[in-house]
Amino acid sequence: MPEKLSTHVVKHGDVTQRVGVEVIRARGVDVEKLIKMLIANAAAEFASTYYYYTILRMHLAGHEDYEEICEDARLEDRAHWELIVPRIYELGGELPNDLKAFHDQAGCQAAKLPDPPTAVNILTLLLESERCAIRSWIAICDMTFGKDPRTYDLASRILNEEIEHEAWFIELLAHERDGKSIPSGHFRRGEPGHAPYSKNASFYNP
Ligand SMILES: [Fe+2]
Ligand SMILES: [Fe+2]
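Under our numbering, the first residue of the sequence shown is numbered 7, with each subsequent residue one higher.
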C-alpha cells in the first residue's frame with residue numbers, strides 16, 4: 007500500500023532534500039546523530055586504523071605470518087572507509103574539509119606505534135582497536151535496525167569483518183604472549199584486502 011501523502015516532505019523536483027532521508031526520519035532515525043556517528047566511524051577506519059596499521063605492520067618484521075594477517079585487517083579497514091563514506095553524503099552529511107579535525111573526531115583512539123614496538127605490544131594494540139571497531143559498528147546497527155535498511159546492511163557487513171579481526175588478533179596475541187593456542191577459525195583470504203563482506207567479494211573457494 008502506498009504511504010499516505012501527508013508523510014511526504016520532499017516536493018516534486020526538489021533537489022535540496024532527499025526521500026532517502028525522509029523515509030528513515032519517518033521511521034524514527036535521528037539522522038543528524040547518525041551522520042555524526044558515521045563520520046566518527048569513518049575517521050576511525052581511515053585515519054586511526056588504516057593509517058596507523060600501515061605503520062604497525064611495518065614493525066612486525068620477522069613475524070611474516072603476523073604481517074600477513076595485519077595486512078588483511080589494514081586493507082579491510084580501508085574497504086570499510088570506502089564502503090561507508092558514500093552513505094554519509096547520501097544522508098546529507100559531508101566529511102570535514104580538514105584532515106586534522108577529521109582525525110580528532112575519530113570514535114576510536116589512534117593505534118599509534120607502541121613503545122617499545124614489540125610484537126606483543128603491537129598485537130595488543132591491534133586487538134583493542136578491533137574491539138573498539140566492533141563496539142562502534144554495532145552501535146550503528148542498533149540505531150538503524152528495522153528503520154534504515156541501507157545503513158544497517160553496510161554497518162553489519164563491516165561488523166562481520168571486525169569480529170573476524172578480533173578473533174585473528176586474539177589467536178596471534180595468545181600465541182605470542184602466552185604460548186597458548188586459541189584458534190580464530192580463520193580461512194585465508196583470496197588475496198590481501200579481499201574483504202569478503204565489505205567488498206561483495208565471494209570467499210576464497212577455488
Ligand atoms: Fe574496520
Ligand atoms: Fe578491523
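We put the beta carbon where it would ideally sit given N, CA and C, even for glycine.
Using the Cα positions of residue 123 and residue 66, report the straight-line distance between them to the nearest angstrom.
Using only the alpha carbons, I get a separation of about 8 Å.
Pair every Cβ in the segment 55-71 with every Cβ in the segment 27-34, then say whether three or more of these pairs are closer than 8 Å.
Result no; under three Cβ-Cβ pairs closer than 8 Å.
Ignore the nearest five residues each way along the sequence and tell me which others in residue 89's own chain have a CB closer than 6 Å to its CB.
Once the five neighbours on either side are set aside, the close Cβ partners of residue 89 are 160, 204.
If we count the other Cβ atoms within 10 Å of its Cβ and call it buried at 16 or more, is residue 107 buried or exposed?
Residue 107 should be labelled exposed.
Under 8 Å, with one C-beta from each stretch per pair, do the segment 144-154 and the segment 81-88 reach the 3-pair mark?
Touching, no, given that fewer than three Cβ pairs across the two stretches are closer than 8 Å.
Would the C-beta of residue 78 count as close to ligand 2, meaning under 7 Å from any of its heavy atoms?
Residue 78: no, Cβ never under 7 Å from ligand 2.
Taking its Cβ as the centre, do 16 or more other Cβ atoms sit within 10 Å of residue 52, making it buried, or is it exposed?
Burial call: buried.
Can you tell me which of the three DSSP states residue 193 falls into?
Coil.
Which residues in the same chain as residue 171 place their Cβ atom closer than 6 Å to its Cβ, once the five residues preceding and following it in sequence are excluded?
Taken in chain order, the residues that qualify are 79, 136.
The alpha helix (DSSP H) with residue 135 in it runs from where to where?
First-last of the alpha helix (DSSP H) with residue 135: 125-150.
Alpha carbon to alpha carbon, how far is residue 92 from residue 104? Give it in angstroms, no decimals.
So the two alpha carbons sit approximately 18 Å from each other.
Secondary structure at residue 96, three-state DSSP: helix, strand or coil?
Helix at residue 96.
Starting from residue 204 and walking both ways along the alpha helix (DSSP H), at which residues does that stretch end?
No alpha helix (DSSP H) contains residue 204, which DSSP labels as neither H nor E.
Among residues of its own chain, excluding the 5 on either side of residue 46, which ones have a beta-carbon nearer than 8 Å to its beta-carbon?
Within the same chain, residue 46 has close Cβ partners 111, 112, 113, 142.
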